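Numbering (my numbering), first residue to last: 1 to 418. Written out below as structure tokens is the structure these notes cover.
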Amino acid sequence: MDRALLEQMFRQAVAQAQPALAVRRHLPDKPVGRTVVIGAGKASAQMARAFETAWDGPLTGLVVTRYGYAEACERIEIVEAAHPVPDEAGFLSARRMLETVSGLGPDDLVVALISGGGSALLPAPAPGLTFDDEQAINRTLLASGAPISVMNLIRNQFSIIKGGRLAVHCAPARVATLVVSDVPGDDPALVASGPTIPLSGSRELARQYAELYRLDLPPHAQALLAGDDNPAPKPDDAVFTRNSVSTIASAALSLDAAAELARAQGIEAAILSDSIEGESRDVAQVHAAMAREIAQRNRPFSKPVVLLSGGETTVTLRGKGGRGGRNAEFLLALAIAIDGVDGISALAADTDGIDGSEDNAGAFADGSTATRLRRAGIDPLAALAGNDAWGAFNAIGDLLVTGPTGTNVNDFRAILIR
Numbered sequence: 001m002d003r004a005l006l007e008q009m010f011r012q013a014v015a016q017a018q019p020a021l022a023v024r025r026h027l028p029d030k031p032v033g034r035t036v037v038i039g040a041g042k043a044s045a046q047m048a049r050a051f052e053t054a055w056d057g058p059l060t061g062l063v064v065t066r067y068g069y070a071e072a073c074e075r076i077e078i079v080e081a082a083h084p085v086p087d088e089a090g091f092l093s094a095r096r097m098l099e100t101v102s103g104l105g106p107d108d109l110v111v112a113l114i115s116g117g118g119s120a121l122l123p124a125p126a127p128g129l130t131f132d133d134e135q136a137i138n139r140t141l142l143a144s145g146a147p148i149s150v151m152n153l154i155r156n157q158f159s160i161i162k163g164g165r166l167a168v169h170c171a172p173a174r175v176a177t178l179v180v181s182d183v184p185g186d187d188p189a190l191v192a193s194g195p196t197i198p199l200s201g202s203r204e205l206a207r208q209y210a211e212l213y214r215l216d217l218p219p220h221a222q223a224l225l226a227g228d229d230n231p232a233p234k235p236d237d238a239v240f241t242r243n244s245v246s247t248i249a250s251a252a253l254s255l256d257a258a259a260e261l262a263r264a265q266g267i268e269a270a271i272l273s274d275s276i277e278g279e280s281r282d283v284a285q286v287h288a289a290m291a292r293e294i295a296q297r298n299r300p301f302s303k304p305v306v307l308l309s310g311g312e313t314t315v316t317l318r319g320k321g322g323r324g325g326r327n328a329e330f331l332l333a334l335a336i337a338i339d340g341v342d343g344i345s346a347l348a349a350d351t352d353g354i355d356g357s358e359d360n361a362g363a364f365a366d367g368s369t370a371t372r373l374r375r376a377g378i379d380p381l382a383a384l385a386g387n388d389a390w391g392a393f394n395a396i397g398d399l400l401v402t403g404p405t406g407t408n409v410n411d412f413r414a415i416l417i418r
């Protein structure tokens with residue numbers, strides 16, 4: 001019963017963020033000239049289909065999404081590429097996108113459909129860097145444990161598209177950016193590294209972060225970071241004056257929808273935050289401590305209650321061979337921390353339907369999870385140490401598999417205490 005309710009809340013959160021509803025509410029003013037649609041991200045094909053359906057004027061366009069996430073469109077071309085590490089298809093798509101927006105005039109409109117995942121899907125190395133360099137940069141960042149804001153500031157230094165540079169290529173056309181946010185705090189400049197939105201943060205700050213997280217960057221990237229080549233446009237640049245940005249779906253709205261569903265079932269809902277960051281296993285410890293306090297002492301919230309949170313945690317890889325995304329790792333750490341405690345059940349999943357690089361959105365856990373893992377011959381602590389949360393939950397049949405959801409507002413966590 002509790003597992004079904006947790007999954008129902010997750011699906012309600014996903015439904016709230018569906019582009020089919022959100023895009024229609026944020027259509028830009030029609031231009032005198034042409035309308036060109038571009039986009040990148042794991043929800044961008046669905047956004048393209050929704051825009052094409054809602055827009056009654058002529059348009060053309062090119063949108064790139066992750067393999068398996070395409071939607072059929074009549075006037076907008078949808079191409080697929082790799083995520084989270086870029087591939088040649090993404091590299092070629094980025095070049096084609098720059099060609100698509102070249103030569104536009106002041107009466108033309110560019111509609112940019114941006115969602116999480118676009119950073120990897122639009123690899124466009126800065127002068128002096130190779131595509132292999134960009135792949136290596138992404139791998140290094142993914143394994144670093146750095147928060148998304150840090151990763152995107154660093155990625156921005158090495159691209160001719162990110163950090164508002166794509167909008168510069170669109171000028172003098174007006175650019176209307178529609179964003180499905182998957183970042184804590186919903187700063188649209190951080191979603192997909194902000195290809196049409198200038199990103200705050202200096203080259204010097206990027207250098208400091210690279211040193212802080214001990215990033216092993218390729219030699220050409222180190223050289224670029226040490227200098228001043230490939231500067232990013234500033235937020236006050238005149239090229240952005242006529243442009244607009246609308247965040248059309250976010251974790252905050254999705255958590256509200258899940259809370260409403262819980263309350264309709266007679267269960268109080270407490271939204272802890274929609275912008276939680278940090279190491280997955282550390283975030284799990286805090287959530288577990290609160291859940292135990294409620295289960296055992298009925299404070300700070302009275303039972304029954306569901307704790308809801310969103311944001312984007314990180315996983316610092318400590319070796320090779322493990323399988324599992326940040327939500328599964330969160331749940332494995334949570335399961336260890338609530339081992340043997342009755343009345344607690346939890347779900348953590350990525351709203352795009354893929355947690356990390358496997359085929360699951362997330363997983364389920366409760367006070368019996370650690371015991372069931374040990375009965376299956378798996379040491380929960382060893383699995384966590386080896387970043388093998390997927391393997392652990394797969395062994396006991398507790399993965400949540402939904403397939404691509406068509407949207408992406410980042411992590412969804414629900415902990416039910418009765």
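Glycine included, C-beta positions come from ideal geometry on N, C-alpha and C. It should be emphasised that the depicted structure is a prediction, and the values quoted were computed from it without experimental measurement.
Judged by DSSP in its simplified three-state form, Leu416 adopts strand. For Arg24, the closest alpha carbon among the candidates Ala385, Val64, Ser246 is that of Ser246. In summary, Gln16 is buried, with 16 or more beta-carbon neighbours lying within 10 Å of its beta-carbon over all protein chains present. Distances from the CA of Glu358 to each of Phe393, Ala258, Met47, Gly103 were compared; the closest alpha carbon is that of Phe393. The beta carbon of Ala251 lies closer than 6 Å to those of Asp274, Gly310, Val409, Asn410 in the same chain, with the five residues before and after it left out. The three-state reading of DSSP puts Gly61 in strand, counting E and B together. Between Asp379 and Gly324, the C-beta spacing is not below 7 Å.
In terms of Cβ geometry, Asp107 and Pro31 form a close pair [threshold 7 Å]. Residue Leu332 holds the alpha-carbon nearest to the alpha-carbon of Leu384 among Gly397, Ala349, Leu332. Residue environment: Pro147 is assigned as buried (16 or more neighbouring CB atoms within 10 Å of its CB, all protein chains considered). Under DSSP, Arg75 forms no beta bridge with any residue.
With respect to Arg418, Pro304 sits close: the two C-beta atoms are nearer than 7 Å. Note on Arg281: 16 or more other CB atoms within 10 angstroms of its CB, so buried under the neighbour-count rule. Ala17: not part of any alpha helix (DSSP H); DSSP gives it neither H nor E. Secondary structure note for Ala176: its beta strand (DSSP E) is the uninterrupted segment 174-180.
In this structure, Ala361 sits near Asp355, with a CB-CB distance shorter than 7 Å. If you check the CB distance, Asp398 and Ala363 come in under 7 Å. The Cβ atoms of Ala249 and Ala22 lie closer than 7 Å to each other. For Phe364, the pairing in a beta bridge is given by DSSP as Leu347. Separation of Ala192 and Ala40 (C-alpha to C-alpha, rounded to the nearest whole angstrom) is 8 Å. Beta-bridge partners assigned by DSSP to Gly324: none are found. Taking all protein chains in view, the Cβ of Leu217 is crowded by 16 or more other Cβ atoms within 10 Å, so the residue is classified as buried. Pairing Leu178 with Thr405, the inter-Cα distance amounts to about 18 Å. In the DSSP assignment, no residue is bridged to Arg95. Taking a contact to require three or more Cβ pairs closer than 8 Å, the region 116-126 and the region 89-107 qualify as touching. The C-alpha of Arg11 is placed about 23 Å away from the C-alpha of Val283.
For Val283, the enclosing alpha helix (DSSP H) begins and ends at 280-297. Less than 7 Å divides the Cβ of Val306 from the Cβ of Ile267. When the Cα atoms are used, Glu211 and Ala48 turn out to be separated by approximately 39 Å.
With respect to the 7 Å criterion, Ala176 and Pro28 are classified as neighbours on the basis of their beta carbons. The straight-line gap separating the alpha-carbon atoms of Ala382 and Ile38 is approximately 45 Å. Counting along the chain, Ala259 sits inside the alpha helix (DSSP H) bounded by residues 251-264. Within 10 angstroms of the beta-carbon of Leu317 lie fewer than 16 other beta-carbons, which makes it exposed. In this structure, Leu334 sits near Ala288, with a CB-CB distance shorter than 7 Å. Assignment of Val239 by DSSP, reduced to helix, strand and coil, places it in the helix class. Residue pairing for Val110: DSSP places it in a beta bridge opposite Val36, Val175.
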